[in-house]
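A.B. asks:
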Amino acid sequence: MKVAVLVTCINDALFPDTGKAVFRLLRRLGVDADFPEAQTCCGQPMVNTGYLDEAAGVVRAFTDAFAGYDHVVTPSGSCAGSARHQHGLVARRAGEPRLAETGPKVRELSEFLVDVLGVTDVGAYFPHRVTYHPTCHSLRMLGVGDKPLRLLRAVRGLDLVELPAAQECCGFGGTFAVKNAETSTAMGADKARHVRETGAEVLVAGDNSCLLHVGGLLSRQRSGVRVLHLADVLASTEEDA
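UniProt numbering puts the last residue of the sequence shown at 241; the count rises by one with no breaks.
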């Protein structure tokens, strides 16, 4: 099985430790994954904003970078959703069917672990009170269901508490947060309030973009709640404690 990791733009720029955590986790599970250095953006920002023609070059580069792999794993439901559902739109618009070839191989991290590797206990240790936010693309576009929760429940030492109104959007939505700042902030404030209600020490999600948004609000509120990507939790061991 030939596997590559799509680290994503936001992780590369702002959360490099999450990308490293994915590789540590996969190695622990016996998966020798590659990091194609030619990888860039998946094209989602352009597609979401309506620039399908301009996205063709980015999707073409994506297709070339990940050609020949059986699976492409990414710590982002948002980018996995873009590759699986939006690359086909760009391919049809550009008249290049090959641009839709790689998308179906892309798996969000929890999907790959549970559906492809068939594991829920990844040997993690994280002795903290945690609540989980299911991000919109992973929940609605990919339909990952309870896979992240099953993985978290198997982490030794972790106390998982339910997040009220968990399925409500946090308000980030990429360019939505820029174009509709007041609405985005109000939605994020609701999410932050629900997080505080749980008494959790850590808010976990599968997309660092959403954690960036909610985490900023929690920080400004001096809530004492930190945010952490699912990959970082699953990569943790007793040696890290």
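Yeah, the Cβ is synthetic: ideal placement off N, Cα and C, and Gly gets one too.
In this text, all values refer to a predicted model and were calculated from it rather than measured experimentally.
#1: Quick check on M1: buried or exposed, where buried means 16 or more other Cβ atoms within 10 Å of its Cβ?
#2: Would a C-beta distance cut-off of 7 Å place A124 and V155 closer than the cut-off?
#3: Kindly indicate which three-state DSSP category A33 falls into: helix, strand or coil?
#4: Can you give me the start and stop residues for the alpha helix (DSSP H) that D12 sits inside?
#5: Note down, in chain order, each residue of its chain lying with its Cβ closer than 7 Å to the Cβ of E54, except the 5 sequence neighbours on either side.
#6: Out of F35, P164, L149, V225, which one is the CA nearest neighbour of V72?
#7: What's the C-alpha gap between S82 and G43?
#8: Could you tell me the alpha carbon to alpha carbon distance between P97 and A65, rounded to whole angstroms?
#9: Among A165, L160, L163, T185, whose alpha-carbon lies nearest the alpha-carbon of F172?
#10: Is the Cβ-Cβ distance between K147 and V114 less than 7 Å?
#11: Taking the alpha helix (DSSP H) that H213 falls in, what are its first and last residues?
#12: Taking the alpha-carbon of D190 as reference, which of E201, N208, A166 has the nearest alpha-carbon?
#13: I'd like to know whether the C-beta atoms of A235 and A67 end up nearer to each other than 7 Å.
#14: Note the first and the last residue of the continuous alpha helix (DSSP H) segment covering T49.
C.D. replies: In terms of the structure at hand:
#1: Taking all protein chains in view, the Cβ of M1 is surrounded by fewer than 16 other Cβ atoms within 10 Å, so the residue is classified as exposed.
#2: Here A124 is near V155, since their CB atoms are less than 7 Å apart.
#3: Coil.
#4: First-last of the alpha helix (DSSP H) with D12: 9–14.
#5: Only M46 meet the Cβ criterion.
#6: Considering only F35, P164, L149, V225, the residue with the shortest C-alpha distance to V72 is F35.
#7: One C-alpha to the other measures close to 8 Å.
#8: Take the alpha-carbon of P97 and the one of A65: they are about 16 Å apart.
#9: Comparing Cα positions, the closest option is T185.
#10: Taking 7 Å as the Cβ cut-off, K147 and V114 qualify as a contacting pair.
#11: Element bounds for H213: 208–220.
#12: Residue A166 is the option with its Cα nearest to D190.
#13: No.
#14: That residue, T49, is in no alpha helix (DSSP H); it is neither H nor E in DSSP.
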